[in-house]
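A.B. asks:
In our numbering, the protein residues as written are 1450 to 1666.
1) Is residue 1576 helix, strand or coil by DSSP?
2) Tell me which residues share the same chain as residue 1584 and place their Cβ nearer than 8 Å to its Cβ, disregarding the 5 neighbours each side in the sequence.
3) Count the other CB atoms within 10 Å of the CB of residue 1472; is the residue buried (16 or more) or exposed (fewer)?
4) Would you kindly check if the distance between the Cβ of residue 1629 and the Cβ of residue 1657 is under 8 Å?
5) Label residue 1549 either buried or exposed according to how many other C-beta atoms from any shown protein chain fall within 10 Å of its C-beta, with 16 as the threshold for buried.
6) Rounding to the nearest angstrom, what Cα-Cα distance links residue 1521 and residue 1591 in this structure?
7) At what residues does the beta strand (DSSP E) containing residue 1521 begin and finish?
8) Just mark residue 1544 as buried or exposed, buried being the case when its beta carbon has 16 or more other beta carbons within 10 Å.
9) With DSSP as the reference, label residue 1591 as helix, strand or coil.
10) Give the single residue among 1546, 1655, 1539 and 1635 whose Cα lies nearest to the Cα of residue 1611.
11) Which of helix, strand or coil does DSSP assign to residue 1569?
12) How big is the Cα-Cα spacing for residue 1542 and residue 1639?
13) Assign residue 1498 to one of two classes, buried (16 or more other C-beta atoms within 10 Å of its C-beta) or exposed (fewer than that).
See the structure below:
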């Protein structure tokens, strides 16, 4: 039987599988957006975090986006050769932000704003999978300030974002950083994945890569 365990570290919850899946899950009790989107009126929102997310590669023939016209459906980060579909993720069975169900998917947290709106939007993604498959954000730490990436929406419109900051932070410091809106950035999109050193005993990384970006007008 596949087992998982929860590690609680000052408000940060990490779900780690015995097979080595590493997912960053952030405690949201004090960090949700003040005007969250109700998942009751949204379709196809992931509300269960899997200890062993799928590692099956995805393509236009094998994956159908469920994004509404105004919702993010695809992310492309050309400077690091990364692109993939975006799921909608809400709060999972542990009361935390859910993780995407496939390591090749990113997850837009529906209790943040839509990418490009004035305020803060958050997208998470796996750095790797249980079989050491590279995740969608496996090369996120290779981004540079000034790099441009694109979000495609359900209606096939696009919005571009410019990287403003890349930080490798201790896991314990994630909540205060991930949900902080830089007052100098009108429309902020923050990306997050695991980073740092992998602990084979706890099956977790000790740090997180957090990328802050700004909508390009």
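Just so it is clear, CB atoms sit at the ideal spot from N, CA and C, and this is done for glycine as well.
C.D. replies: Well, looking at it:
1) Three-state DSSP puts residue 1576 in coil, outside helix and strand.
2) Within its own chain, the residues whose Cβ lies closer than 8 Å to the Cβ of residue 1584, once the five positions on either side in sequence are excluded, are 1552, 1553, 1574, 1575, 1576, 1577, 1578 and 1642, listed in chain order.
3) Because residue 1472 carries a pLDDT of 39, less than 50, the predicted location of this residue cannot be relied on, and no value is offered for it.
4) The answer is no: Cβ separation not under 8 Å.
5) Answer is buried; the Cβ neighbour count reaches 16.
6) Taking the straight line joining both Cα atoms gives about 23 Å.
7) Looking at the DSSP string, the run of the beta strand (DSSP E) that includes residue 1521 is 1521-1526.
8) Classified as exposed, residue 1544 has fewer than 16 neighbouring CB atoms from the shown chains inside 10 Å of its CB.
9) Residue state for residue 1591 is assigned as helix, using DSSP reduced to three classes.
10) Of the candidates 1546, 1655, 1539 and 1635, the one whose C-alpha sits nearest the C-alpha of residue 1611 is 1635.
11) Residue 1569 falls in the strand class under three-state DSSP.
12) Between residue 1542 and residue 1639, the alpha-carbon positions lie close to 23 Å from each other.
13) Its Cβ being crowded by 16 or more others within 10 Å, residue 1498 is buried.
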